[in-house]
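J.:
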């Protein structure tokens, strides 16, 4: 251990490494106020991961909010446009209700945003930086990719109304083919569309493995464009010798009102949730009146507080319960999905108390459910 490592806490070391990484690619630090006008966040509430916002009255009588999100603040103040892009990174405190007990917490968030013309290079650069960020935190990390254009393209072929569209999107996110079939049957959606959605939901693997299979499902200009973007990204990452630990999983979905292209999440072994999240969000930038596109990601430092490779006090991250009626293929798919998140998995019929685990899950008709 060097002197710097001895003086710095683990989270400080992580922030220091990430800042150095971002600056190597020309990103400059963006600093902002701790609060913004509440109306700005209220107008874009759907983009926020929290619905609870801490507010107070300013000296001039306006309603202000403690910052629940950094990306929105950057978009509001950015000068980036199609002609001159802006590359910024940040390490800022945000204020959100904590999961579990619902209490408010000050959370350090580190991330970056590329605002301007998001071309093939910009997309590859940001995805590469996301994977390098995960690797700087843990040697056991993965990055899961998806493309909202491909998902939207297949959903549009169904002709479903907005309500059904959103329900189908939720089923895709849950890897729930039974729910997809039920909805499609109820609303008289063609079998070809139904099967394509189910097949897409089951796809998971490396870009090289999955893209040929996804290409067979392509059915319109939107899906074809998404495949072309993913193929280009796969080639770029491979040339950089950085395609290891990168997987394609179309069950990773997000709000279509904001996200329109590649999206991704990063996982490390030992934490049963994403520690990094990002993607392309042109719609949000346009909604804010900016002449630019945007792509970026954030690393959640509060999730990393739970992580310590040196002091593992459990046998497995996830104990997955399955009964004798569960199909072997479904078991294997569920295990593969959980492992793609950086989790170790043990499959048993019941919890006999011999294994120490972080999460107890059950595989049923609706997919993997956390039960303890």
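In our numbering, the protein residues as written are 96 to 467.
Backbone N, C-alpha and C fix where the C-beta goes; we use that ideal spot for every residue, glycine too.
Given a cut-off of 8 Å on the beta-carbon distance, is the pair residue 429 and residue 415 in contact?
T.: Yes, the pair counts as a contact, with Cβ atoms nearer than the cut-off.
J.: Assign residue 50 to buried or exposed, taking buried as 16 or more other Cβ atoms, counted over all protein chains shown, within 10 Å of its Cβ.
T.: Since the first and last residues shown for the chain are 96 and 467, residue 50 lies out of range.
J.: Going by the beta-carbon positions, is the gap between residue 329 and residue 306 smaller than 8 Å?
T.: Yes; because the gap between Cβ atoms is below 8 Å, this pair is in contact.
J.: Can you check the segment 366–413 for any beta strand (DSSP E) of at least 3 residues that lies completely inside it and give the ranges in chain order?
T.: Counting whole runs of 3 or more residues, the segment 366–413 contains the beta strand (DSSP E) stretches 371–375, 388–395.
J.: Could you give the distance in angstroms between the alpha-carbon of residue 325 and the alpha-carbon of residue 159?
T.: The straight-line gap from Cα to Cα measures roughly 41 Å.
J.: Starting from residue 132, trace the beta strand (DSSP E) both ways and give me its first and last residue.
T.: Element bounds for residue 132: 130–132.
J.: DSSP on residue 143, reduced to helix/strand/coil?
T.: In this structure, residue 143 counts as coil in the three-state DSSP scheme.
J.: For residue 424, tell me which candidate among 139, 254, 462 has the shortest Cα-Cα distance.
T.: Nearest of 139, 254, 462 to residue 424, Cα basis: 462.
J.: With 8 Å as the threshold, decide whether the Cβ of residue 261 is near any Cβ in chain C.
T.: Structure shown: chain C not included; a single protein chain is present.
J.: In the structure shown, what three-state DSSP assignment does residue 170 receive?
T.: In this structure, residue 170 counts as helix in the three-state DSSP scheme.
J.: Please check the pair residue 162 and residue 190, which I expect to be a contact at CB under 8 Å, by giving their CB distance rounded to whole angstroms.
T.: With 8 Å as the limit, residue 162 and residue 190 qualify as a contact, their Cβ atoms being about 6 Å apart.
J.: For my contact list, residue 363 and residue 374 are in at a C-beta cut-off of 8 Å; report their separation, rounded to the angstrom.
T.: About 19 Å; that fails the 8 Å criterion.
J.: Using the Cα positions of residue 269 and residue 349, report the straight-line distance between them to the nearest angstrom.
T.: If you take the alpha carbons of residue 269 and residue 349, they lie about 12 Å apart.
J.: Considering residue 453, what are the terminal residues of the beta strand (DSSP E) in which it resides?
T.: Note, residue 453: beta strand (DSSP E), 452–459.
J.: Do residue 387 and residue 175 have their CB atoms nearer than 8 Å?
T.: Going by C-beta atoms, residue 387 is nearer than 8 Å to residue 175.
J.: Among residues of its own chain, excluding the 5 on either side of residue 259, which ones have a beta-carbon nearer than 7 Å to its beta-carbon?
T.: Here the set comprises 278, 282.
J.: Could you check if residue 315 is buried or exposed, using at least 16 other CB atoms within 10 Å of its CB as the buried criterion?
T.: Under this definition residue 315 is an exposed residue.
J.: If we require 3 or more residues per run, which beta strand (DSSP E) segments fall completely within the segment 415–444?
T.: 440–443, all fully within the segment 415–444.
J.: Which runs of the beta strand (DSSP E) at least 3 residues long sit entirely within the segment 307–358? Give them in chain order.
T.: Whole beta strand (DSSP E) segments, 3+ residues: 341–344.
J.: Classify residue 224 as helix, strand or coil using the three-state DSSP reduction.
T.: Helix at residue 224.
J.: Cβ of residue 450 within 8 Å of Cβ of residue 418?
T.: Taking 8 Å as the Cβ cut-off, residue 450 and residue 418 do not qualify as a contacting pair.
J.: Thinking C-beta only, is residue 389 closer than 8 Å to residue 213?
T.: Their beta carbons are under 8 Å apart, which means residue 213 touches residue 389 by this criterion.
J.: In terms of residue numbering, what span does the alpha helix (DSSP H) encompassing residue 301 cover?
T.: Premise fails: residue 301 lies in the beta strand (DSSP E), 299–301, not in any alpha helix (DSSP H).
J.: Closest to residue 219 by CA distance: which of 367, 327, 355 is it?
T.: It is 327 whose Cα lies nearest to the Cα of residue 219.
J.: Going by the DSSP bridge assignment, what does residue 182 pair with across the sheet?
T.: Its beta-bridge partners are 209.
J.: Looking only at DSSP bridge pairs, what is residue 246 linked to?
T.: Partner(s): none; residue 246 has no beta bridge.
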